[in-house]
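Using our numbering, the first residue of the sequence shown is number 366, and each one after it goes up by one. Below is one structure, written out as structure tokens; comments come after it.
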Amino acid sequence: MDVADFDKPAPPLTTWNNLSWRHMAATAEELKALSHASIQKVLPDIDKAKWGRNSAHQAYIALQRPMRIAIHAKEMLP
366 MDVADFDKPA PPLTTWNNLS WRHMAATAEE LKALSHASIQ KVLPDIDKAK
416 WGRNSAHQAY IALQRPMRIA IHAKEMLP
């Protein structure tokens, strides 16, 4: 999951790829005290996967899609 940003409100979940630790805890202190991502947490149903249904759904939700950025060499050279 993505890093939690407590400086701003948690964004609404529209895809599981946007799930972050911010959705699991309201404050940084709560996150530090957290020992696991509880399946009791109520999260919206997105796509076909449902939070806490079974291990296959959790694996699908936890999978983070890879990202690639292309920067032309001319932009990096002086």
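The beta carbon of each residue, even a glycine, is placed where N, CA and C say it ideally should be. Computed from a prediction, not measured in an experiment: that's the story for all the values here.
Annotation for residue 438: the continuous alpha helix (DSSP H) segment containing it runs 438-441. Within the model, the alpha-carbon separation for residue 370 versus residue 439 is close to 33 Å. Beta-bridge partners assigned by DSSP to residue 367: 385. Distance from the CA of residue 375 to the CA of residue 423, rounded to the nearest whole angstrom, comes to 20 Å.
For residue 400, no alpha helix (DSSP H) encloses it, and the DSSP letter there is neither H nor E.
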